[in-house]
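Residue numbers in the sequence shown follow the working numbering, run continuously in steps of one, and reach 474 at the last position.
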Amino acid sequence: MDFLPVFLDVRSRSCLVVGGGEVAARKAELLMRANAAVTVVAPELGRSLARYRAEGKLSHRARTFRASDIEDCALVIAATDDPGVNSEVSRLCRERTIAVNVVDAPELCSFIVPSIVDRSPVIVAVSSGGASPVLSRMLRTKLETMLPATYGRLATLAQGLRKRVKRRFKSAAQRRRFWEEVLHGPAAEMMLAGRERAAKCAIEVALQQHTPSSLSVGEVYLVGAGPGDPDLLTFRALRLMQQADVVVYDRLVAPAIVDLAHRGAERIYVGKACGEHCLTQEEINAILVRLAREGRRVLRLKGGDPFIFGRGGEEADALAAEGIPFQVVPGITAASGCAAYAGIPLTHRDFAHSCVFVPGHLKDGGDLDWNALAQPRQTLVIYMGLHTLEPICRRLIEAGLPAATPAALVQDGTTQSQRVLIGDLAGLPAKAAEGAMRPPALLIIGEVVRLHERFAWFEPAGVAEETAVRAVG
Ligand code: SAH
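The structure is reproduced here in structure tokens:
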């Protein structure tokens with residue numbers, strides 16, 4: 002972060018605007034909205050500022066800027082069309098550590114003014130740190146359309162009830178649960194629809210219905226985080242991530258996704274990597290049960306889909322056995338994610354009518370039904386198969402698949418470091434060793450792999466850069 006976002010209380014404090022034109026007027030308006038005591042220094046005022054002066058909303062010093070103008074100011078904004086004056090204002094303020102902004106001159110600023118969405122008391126501020134004001138304005142417009150005009154009244158209503166809620170629910174976790182239920186529920190909808198009285202009644206009912214103990218029952222969300230790209234999360238996953246008190250996640254979940262969890266949520270890493278389990282599955286189950294018993298809302302975040310080679314079934318089993326409420330949120334499994342981002346349709350009228358997902362790590366020496374797997378017109382997707390790539394390819398050939406059957410290895414699928422290696426059953430193991438492919442990697446076998454050449458659309462940043470360098474060089 003290049004800037005620290007803060008909201009400044011400038012009520013009744015002296016704020017100075019240097020300049021009398023329309024740009025200065027916009028800045029003065031903003032300060033007036035925050036109830037600052039605004040002084041404008043400029044030989045002449047444009048139309049807007051002259052009107053505010055006539056209305057007694059600001060005071061005016063009708064002359065050029067002097068060093069003494071900044072004395073006792075909380076902040077200063079320079080908006081003149083004279084670069085000399087602007088940099089003088091900046092220099093003087095910086096000498097006295099007074100916050101200063103010079104319009105359109107980031108290098109002269111000690112603070113920048115964000116684009117804002119005003120739903121007072123709720124305020125959303127957006128800034129691109131000066132990188133692209135147009136981009137932050139576009140984002141602001143999006144937010145404007147997302148936040149109903151009555152959003153602020155919802156906050157005001159909540160503010161009015163804070164003391165009562167605090168008396169009724171002693172723990173911060175219970176209060177958070179209460180507010181989340183209310184703000185997601187019918188009362189909030191009524192308030193947003195402008196039905197304030199009905200909303201207040203609904204909140205009264207909620208205050209009666211929720212008891213401290215009813216808000217103390219924990220719950221576990223078994224959530225699929227998808228294969229890596231945070232954009233592939235479901236809305237429900239995101240909503241639960243915002244609600245959870247604690248996040249339990251493994252190695253396969255990308256850090257960018259864990260970051261989306263509620264800021265105050267505790268994060269517990271139970272890193273599992275193929276072959277080197279930090280914690281046993283039983284230990285993870287026990288953690289989930291214990292946290293839920295403490296009354297917490299536990300987000301169990303798993304790579305891909307929790308019910309596909311994710312041992313989500315075992316976790317659900319442990320929770321059901323202990324009578325702990327849980328819900329399961331599907332995620333995009335590695336097969337769907339990697340296939341889509343590698344441009345390989347898993348089924349296709351001309352090449353494959355079925356698709357089979359199998360684990361390649363051959364647990365406990367157990368074996369796969371190679372004859373069933375070596376079928377024509379079938380796509381095979383093999384999870385956790387990188388370390389056993391050679392025996393997998395060999396056994397499929399032995400079971401009757403042609404050695405020239407196309408096969409793909411997708412490493413870090415859907416992420417900016419995705420790599421796709423294409424070969425055939427006979428040659429892929431050597432190619433993978435040569436290309437130093439590493440986990441997580443997914444193996445896709447079948448005629449559909451041929452389509453990659455035509456359908457590959459996704460360009461991870463790393464690859465794009467390489468190509469650009471090559472093009473320039
Ligand atoms: N529940 C997960 C699978 C967990 S098993 C899901 O539904 O996707 C772990 C295996 O998934 C890895 O060994 C690898 O084969 C595959 N995998 C998961 N994420 C992947 C990714 N981004 N790219 C390639 N393979 C991935």
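Ideal Cβ positions, reconstructed from N, Cα and C, are used throughout, including at glycine. Please read these numbers as outputs of a predicted model, since none were measured by experiment.
Per DSSP, glutamine 379 is one residue of the beta strand (DSSP E) stretching across 379-384.
Excluding residues up to 5 positions away in sequence, Val41, Leu46, Ser60 and His61 lie with their Cβ nearer than 8 Å to the Cβ of arginine 54 in the same chain. Comparing C-alpha distances from alanine 174 to each of Arg168, Lys143 and Gly296 shows the shortest one belongs to Gly296. Proximity of the stretch 210-217 to the stretch 189-199 falls short of the contact definition, fewer than three beta-carbon pairs being nearer than 8 Å.
For glutamate 454, the enclosing alpha helix (DSSP H) covers residues 453-456. The residue among Asp425, Gly186, Ala442 and Asp413 with its C-alpha nearest the C-alpha of alanine 462 is Asp413.
Membership of leucine 280 in any beta strand (DSSP E) is not indicated, and neither H nor E is assigned to it by DSSP. Buried is the label assigned to threonine 415, since at least 16 other Cβ atoms lie within 10 Å of its Cβ.
Valine 254 is positioned such that its CB atom lies closer than 7 Å to that of leucine 302.
With a 10 Å radius around the Cβ and a threshold of 16 neighbouring Cβ atoms, lysine 143 comes out exposed. If the five residues before and after phenylalanine 456 are omitted, its C-beta is found closer than 6 Å to the C-beta atoms of Gly344, all from its own chain and listed in chain order.
Not one heavy atom of ligand 1 lies closer than 6 Å to the C-beta of cysteine 110. In this structure, ligand 1 has a non-hydrogen atom nearer than 6 Å to the beta-carbon of threonine 334. Proximity of the stretch 176-189 to the stretch 226-238 falls short of the contact definition, fewer than three beta-carbon pairs being nearer than 8 Å.
Nearest in C-alpha terms to cysteine 74, of all of Val357, Val19 and Thr146, is Val19.
When Leu289, Glu267 and Gly227 are compared, the shortest CA-CA separation from proline 441 is found for Gly227. According to DSSP, residue pairing for asparagine 102 in a beta bridge involves Ile78. The Cβ neighbour count for glutamate 316, taken over all protein chains shown within 10 Å, is at least 16; the residue is labelled buried. Following the DSSP letters along the chain, one finds histidine 61 inside the beta strand (DSSP E) bounded by residues 60-62. Within the same chain, and ignoring the five residues on either side of tyrosine 222 in sequence, the residues whose Cβ sits closer than 6 Å to its Cβ are Leu241, Leu300 and Gln328. With 16 or more neighbouring CB atoms inside 10 Å of its own CB, asparagine 286 falls in the buried class. Across the structure, alanine 26 and serine 49 are spaced so that their CA atoms are roughly 6 Å apart.
Glycine 153 sits in a helix when the DSSP states are folded into three classes. Every unbroken stretch of the beta strand (DSSP E) spanning 3 or more residues and falling wholly within the stretch 340-421 is given here in chain order: 355-360, 379-384 and 407-412.
Proximity of the stretch 31-39 to the stretch 10-17 meets the contact definition, three or more beta-carbon pairs being nearer than 8 Å. Secondary structure at arginine 439: coil, using DSSP grouped into helix, strand and coil.
Put simply, the backbone Cα of valine 39 is about 22 Å away from that of glutamate 96.
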